[in-house]
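Residue 41 is where the sequence shown starts when you use our numbering, and the numbers rise one by one after that. Read through the structure below, which is laid out as structure tokens, and then see the notes.
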Amino acid sequence: MLLVSAGGQSLQLSSDRASVRCYYPLVPPAIFPRAFGIDHVGVENLIAAAKEAGIARFVLVTSFGCGGSRVAVPPPLLEKIGAALSEKDKAEDSLRASGLSFTILRPGGLSEGPGTGRGVLTDSNDVLGGITRADVAIGVVNCLNSEKSVGQTLGLIDRDQVRAGTLHEVTIG
């Protein structure tokens, strides 16, 4: 196992698990506008570290509103988070071009609380809704354990929290 820490970020690489875990510090609101680079440059650093360590599988969690799913973001929200979404788009593109075996997950609005077991993967770009962080973690593990998720970019949402759009579930098991 290799643990790398720099600039307040730590990266844990484990070749026996063939996975990467990244922990970012909380960003104080006063510097939040300057922190967007972490979504792009930070991921590029993780990709480089994963390659150097021989990690073959990478699951990246970005956000609903990236790429084609931007069409479903309400304009007032897009005004506030559009710059961050653009950085996440760049991170997704970097991972796609990296040569690593990857899955990109775009969860809906995040909430606290226990896992519900209602998290579903979707290829719908127009779905708006929420999901608990615990259910996102379950989705990440499911993707790590599924060859069917390799090379895919998928939304992740609680089937009971869909507020708009058409939910088309994708099965990877």
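All residues carry an ideal CB built from backbone N, CA and C; glycine is no exception. Everything numeric in this text was worked out from a predicted model, so none of it was measured.
Collapsed DSSP secondary structure at residue i in the structure displayed
{"i": "Leu184", "result": "helix"}
{"i": "Gly108", "result": "helix"}
{"i": "Val113", "result": "coil"}
{"i": "Thr211", "result": "coil"}
{"i": "Ala124", "result": "helix"}
Candidates the options, of which the one nearest residue i by Cα
{"i": "Gly94", "options": "Gly213, Ser138, Val81, Thr102", "result": "Ser138"}
{"i": "Gly260", "options": "Ser134, Glu92, Gly105", "result": "Since the displayed the chain opens at 41 and closes at 213, residue 260 lies outside it and no answer follows."}
{"i": "Asn85", "options": "Gln201, Arg146, Ala131, Ser151", "result": "Ala131"}
{"i": "Asn165", "options": "Ser189, Thr193, Ala96", "result": "Thr193"}
{"i": "Gly108", "options": "Ser151, His80, Glu187, Ile144", "result": "Ile144"}
{"i": "Asn185", "options": "Ile212, Pro154, Arg146", "result": "Ile212"}
{"i": "Arg203", "options": "Lys188, Ile78, Asp79, Pro114", "result": "Pro114"}
{"i": "Arg25", "options": "Arg110, Leu140, Gly157", "result": "Residue 25 cannot be examined here, being either before or after the span of the chain that is shown, 41 to 213."}
{"i": "Lys188", "options": "Val210, Ile78, Ile197", "result": "Val210"}
{"i": "Asp29", "options": "Leu117, His208, Ala89, Ile78", "result": "What is shown of the chain runs 41 to 213, which leaves residue 29 out entirely."}
{"i": "Glu152", "options": "Ile178, Arg173, Leu161", "result": "Arg173"}
{"i": "Leu196", "options": "Ile171, Pro116, Thr206", "result": "Ile171"}
{"i": "Ser12", "options": "Lys91, Ser126, Gly155", "result": "Past the edges of the chain, shown from 41 to 213, lies residue 12, and the structure says nothing about it."}
{"i": "Gly205", "options": "His80, Leu117, Gly157, Ala112", "result": "Ala112"}
Anticipated Cβ contact below 8 Å, residue i with residue j, distance rounded
{"i": "Asp175", "j": "Gly159", "result": "4 Å"}
{"i": "Arg239", "j": "Ser141", "result": "Summary: the structure shown does not reach residue 239, with the chain confined to residues 41 through 213, and so no result is reported for it."}
{"i": "Leu207", "j": "Thr162", "result": "6 Å"}
(request) Could you tell me which uninterrupted alpha helix (DSSP H) segments, each at least 4 residues in length, are contained entirely in the segment 131-206, listed from first to last along the chain? (result) 173-184
(message) I want to know whether the segment 121-128 touches the segment 162-179 - three or more CB-CB distances under 8 Å.
(response) Taking 8 Å as the limit for Cβ pairs, the verdict is that the segment 162-179 does not touch the segment 121-128.
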